[in-house]
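The structure appears right after this line, and notes come after that.
Residue numbers (our numbering): 1392 to 1747.
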């Protein structure tokens, strides 16, 4: 993200004047506050984004099905890509909504995560909404903003409406619709799972943040860089959320992630169950798989519900940074040496469906 033109010479900068006044002075003071508030997080984001190639030149999604472009919305329109597997059955198909992170495009996200390959073998359609540059200069989903379900212009409402339109147009099974995302997209997925529990049957978050603990860009950056406050400080805020039930979730996070603090993944996994009638886990396990040649070690924690179905999973990938585990390293923000997050998410999702 280039906030300033570093090629500008000092004489040219001098022309701007040493003592700006009026609107220019106000603008500069606001920019200074923004830089101070962002701190190390903005510098880290700049390091990741600066000088990167356009994703379309690096890799294309590889799978046997159709990958087609579409657009949704009237006033606030969003582009999307939809993957339709070649081996789709004649029955209503499941749908996965995949939300990219900041500075990513949908083609890049699909190619890096290789989710289309996982979907092909499972007969799942995959919808990739794309944030517009007009909505956010870095294509970030505004997961930290106060979301109003009655506001048709909000990101959460727009993605939910796009989901429903694709469901209608492509004969989707309404009991098997899932949402997942990476980084800001993972945090946005958590917001959707919270606000639309009757739409999404399960949630996947990779390197993201929990819903309900940020309300603007400043608190969002603090949450990402430092993690949630101690439980005593934010438990009431979590419990006050009007959530009919907590959605089944699978979470991946690298324990050396410097962009989004790993404690965010743990917070999503540990979120309290809200509904009194929601079953408690009947069994829990935690196992560590040690590193092998070219593969990272990871620790997997699982809570099982009735019937032995995993209800919550947390995968901590040891030595991994801010990257999709098991993704294609031909595309940035992916780590091929981790466990295959796309395959494991797909396995988890297909064990869950909304009750009739």
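Here a beta-carbon is modelled for each residue, glycine too, at the ideal position from N, C-alpha and C. Note that the structure is predicted; figures quoted are calculated from it, not measured.
Give me the Cα-Cα distance between residue i and residue j, rounded to the nearest whole angstrom.
| i | j | result |
| --- | --- | --- |
| residue 1556 | residue 1464 | 10 Å |
| residue 1523 | residue 1530 | 6 Å |
| residue 1580 | residue 1475 | 21 Å |
| residue 1470 | residue 1662 | 32 Å |
| residue 1499 | residue 1637 | 31 Å |
| residue 1590 | residue 1686 | 36 Å |
| residue 1694 | residue 1674 | 6 Å |
| residue 1487 | residue 1496 | 17 Å |
| residue 1550 | residue 1577 | 13 Å |
| residue 1558 | residue 1684 | 43 Å |
| residue 1647 | residue 1594 | 23 Å |
| residue 1730 | residue 1708 | 8 Å |
| residue 1689 | residue 1507 | 24 Å |
| residue 1723 | residue 1649 | 16 Å |
| residue 1728 | residue 1720 | 9 Å |
| residue 1560 | residue 1458 | 15 Å |
| residue 1468 | residue 1583 | 19 Å |
| residue 1466 | residue 1526 | 12 Å |
Rank the options by C-alpha distance to the C-alpha of residue i and give the top, closest one.
| i | options | result |
| --- | --- | --- |
| residue 1711 | 1594, 1675, 1682 | 1682 |
| residue 1706 | 1588, 1721, 1645 | 1645 |
| residue 1726 | 1481, 1504, 1533 | 1504 |
| residue 1511 | 1578, 1477, 1496, 1497 | 1477 |
| residue 1737 | 1585, 1560, 1596 | 1596 |
| residue 1735 | 1728, 1704, 1527, 1649 | 1704 |
| residue 1658 | 1641, 1730, 1649 | 1641 |
| residue 1691 | 1616, 1723, 1656, 1561 | 1656 |
| residue 1528 | 1493, 1649, 1743, 1740 | 1493 |
| residue 1532 | 1741, 1561, 1553, 1573 | 1573 |
| residue 1639 | 1534, 1458, 1743, 1489 | 1743 |
| residue 1575 | 1553, 1611, 1660, 1653 | 1611 |
Kindly give me the distance between the Cβ atoms of residue i and residue j, rounded to whole angstroms, as I take these residues to be in contact under 8 Å.
| i | j | result |
| --- | --- | --- |
| residue 1484 | residue 1564 | 6 Å |
| residue 1509 | residue 1472 | About 16 Å; that fails the 8 Å criterion. |
| residue 1480 | residue 1514 | 5 Å |
| residue 1617 | residue 1660 | So it is not a contact: roughly 18 Å between Cβ atoms. |
Between residue i and chain D, is the shortest Cβ-Cβ distance under 8 Å, so that the two count as touching?
| i | result |
| --- | --- |
| residue 1508 | As a matter of chain content, chain D is missing from the structure shown, which is built from one protein chain. |
Taking residue i as part of the alpha helix (DSSP H), name the residues at either end of that continuous run.
| i | result |
| --- | --- |
| residue 1681 | Note, residue 1681: premise wrong, no alpha helix (DSSP H); not H, not E. |
| residue 1576 | 1575 to 1586 |
| residue 1660 | 1654 to 1660 |
| residue 1720 | That residue, residue 1720, is in no alpha helix (DSSP H); it is neither H nor E in DSSP. |
| residue 1613 | 1608 to 1617 |
So the beta strand (DSSP E) residue i belongs to, where does it begin and stop?
| i | result |
| --- | --- |
| residue 1459 | 1457 to 1463 |
| residue 1694 | 1689 to 1695 |
| residue 1488 | 1484 to 1490 |
| residue 1735 | Unbroken run through residue 1735 is the alpha helix (DSSP H), 1732 to 1740; no beta strand (DSSP E). |
*Looking at C-beta atoms only, is the number of pairs between the segment 1714 to 1725 and the segment 1694 to 1704 that lie closer than 8 Å three or more?*
no
*asked:* Using 8 Å as the cut-off, can you tell me whether the segment 1568 to 1580 makes contact with the segment 1458 to 1478, which would need three or more C-beta pairs spanning the two stretches below that distance?
replied: no
*Three or more C-beta pairs closer than 8 Å, one from the segment 1582 to 1602 and one from the segment 1505 to 1522: is that the case here?*
no
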